[in-house]
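Visitor: Before we start, here is the structure in question, set down as C-alpha cells.
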Amino acid sequence: MSWFKNTLSNLVSGGVIVILGLCFPVIGASAAERVTYDRALITKLPSTNDEVGIAFLKTANNFPDFGTIVEDTDAYRNLNPLAQQDYKSKMVNKLQNSFMTFSPKKSDLIIRVKVNVLFKKLANGEGIIQLKTFPDDPVYFPFYFAKYPIALIVKDMELFRELHLDKADTDIVYSRLSLSGDATLLLQLYVLAADDTKTIKLDNIPQYPLLAEIGYIGLLNSQAEQIWAWRNGRLGGKKITGSDRGSLVDLVPADRAIGK
410 MSWFKNTLSN LVSGGVIVIL GLCFPVIGAS AAERVTYDRA LITKLPSTND EVGIAFLKTA
470 NNFPDFGTIV EDTDAYRNLN PLAQQDYKSK MVNKLQNSFM TFSPKKSDLI IRVKVNVLFK
530 KLANGEGIIQ LKTFPDDPVY FPFYFAKYPI ALIVKDMELF RELHLDKADT DIVYSRLSLS
590 GDATLLLQLY VLAADDTKTI KLDNIPQYPL LAEIGYIGLL NSQAEQIWAW RNGRLGGKKI
650 TGSDRGSLVD LVPADRAIGK
C-alpha cells in the first residue's frame, strides 16, 4: 500500500479517496489551438471487464493464475466438458498476451457513457455547458474481473462539470448539441496506480481502486460529431503556451465539412 500512496501523491489515505484539483486557467482554446478530429479514437469501442481487469492487475504488479480465472467464469462452466479444455487454453493465452502487452504509459482505456448536457448562451455571445451526470466525487466506473470488484477512478473529472466557452466554441456547441441535451461522453484514460491489497468504500461497496488520468474527454452527438472536447497535452496532445493542458476539440469530421 505504501508505494500506491506515494504514486497517488496522497490521493489515497486510510482507505478514503481524495481527488485533488489542479490549478490552471479556465479550460478554453482559440481556433488555432483546436485539436483535429480523431476518427480512430471517436469510433473506438469501450473497454471490457477483461481489459480493465488486466490493466488493474498489471498496474498492481499482480500476475495471477489465468487458468483459475477462466475456470471461474460462467462461459467456461456452461460449456460441455469436452469443449472446456480447448476454451480454457485459448482464453489463458489471450489473457496472458493482454497482460504482457499492456503498458500503463501507452495503453488506454475507453469509457463511453450517455450523459445530459445543460447549455446556456450568454448575452455577450459566449456560453456555458454543464455536465450534471456525475454530481459526486470521485467519479468512477465499476468493473469486475477475477473476483476483484474494481473502481476505475477518473482523476480531476470535477474540473469538467462546468465549462466556459468563447463565442466560436459557443456557436459550435449550439449547432451540434441536441435540443434535449443528450450526448455521449467519451473518455480516453491512462492508468496511474492500482491497489490489489485493500479496498475502499464507494457507494457503500468495497472496491479495489484503479486510478486513471484523462488523455481525452469529448462530447459527441448522434452523428459522431464532436460537440466539445479536450486533450491532455502532457500525454501527447498539442500544448497551449504557458500550460501543460491540451485544447478544445470542435472540428467536424472531414467528410462532413463544408465542401467535402
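With our numbering, letter number 116 in the sequence shown gets 525, and the count goes up by one each step, no holes.
Beta carbons are placed, not taken as given, at the ideal position from N, Cα and C, and that holds for glycine.
1. In the stretch 579-611, which residue ranges form an unbroken alpha helix (DSSP H) of at least 4 residues, counting only runs that do not cross its ends?
2. Could you check what DSSP says for Val-522 in three-state terms: helix, strand or coil?
3. Could you tell me whether the Cβ atoms of Asn-470 and Phe-552 are closer together than 8 Å?
4. Is it a yes or a no for the stretch 537-547 touching the stretch 563-574, going by three-plus beta-carbon pairs under 8 Å?
5. Distance check for Arg-643 and Ala-602, CA to CA, integer angstroms please.
6. Taking only runs that begin and end inside the stretch 481-551, name each unbroken beta strand (DSSP E) of 3 or more residues, in chain order.
7. Just how far apart, CA to CA, sit Glu-535 and Asp-578?
8. How big is the Cα-Cα spacing for Asp-612 and Asn-489?
9. Sort Asn-525, Ala-560, Pro-558 by Cα distance to Gly-627 and report the nearest one.
10. Under the criterion of a Cβ to heavy atom distance below 7 Å, does Ile-559 qualify as lining the ligand MN?
11. When you compare the stretch 574-589 with the stretch 557-564, are there three or more beta-carbon pairs, one atom per stretch, that lie closer than 8 Å?
12. Check whether the Cβ atoms of Val-548 and Trp-637 sit closer than 8 Å, and answer yes or no.
13. In three-state DSSP terms, what is Glu-567?
14. Arg-640 lies in the beta strand (DSSP E); which residues open and close that run?
15. Leaving out five residues before and five after Phe-465 in sequence, what residues of the same chain have Cβ atoms less than 6 Å from its Cβ?
16. Counting along the chain, where does the beta strand (DSSP E) carrying Ala-621 start and finish?
17. Could you give the distance in angstroms between the alpha-carbon of Leu-629 and the alpha-carbon of Leu-491?
Guide: Here's the rundown:
1. DSSP runs (the alpha helix (DSSP H)) wholly in the stretch 579-611: none.
2. If DSSP states are grouped into helix, strand and coil, Val-522 belongs with the strands.
3. No. Outside cutoff.
4. Touching, yes.
5. Distance between Ala-602 and Arg-643, taken at the CA atoms: about 18 Å.
6. Entirely contained in the stretch 481-551, the beta strand (DSSP E) runs reaching 3 residues are, in chain order, 518-530, 536-540.
7. C-alpha separation (whole angstroms): 8 Å.
8. Each residue's Cα considered, the two are about 39 Å apart.
9. Asn-525 is the residue among Asn-525, Ala-560, Pro-558 whose C-alpha sits nearest the C-alpha of Gly-627.
10. Among the components modelled here there is no ligand, and therefore nothing to report on the ligand MN.
11. With fewer than three CB-CB distances shorter than 8 Å, the stretch 574-589 does not count as touching the stretch 557-564.
12. Not in contact: Val-548 and Trp-637 (Cβ atoms no closer than 8 Å).
13. Helix at Glu-567.
14. Residues 635-640.
15. Around Phe-465: Ile-559, Ala-603, Leu-619.
16. It spans 614-629 - the beta strand (DSSP E) in which Ala-621 sits, taken as one unbroken run.
17. Rounded to the nearest angstrom, the two C-alpha atoms are 46 Å apart.
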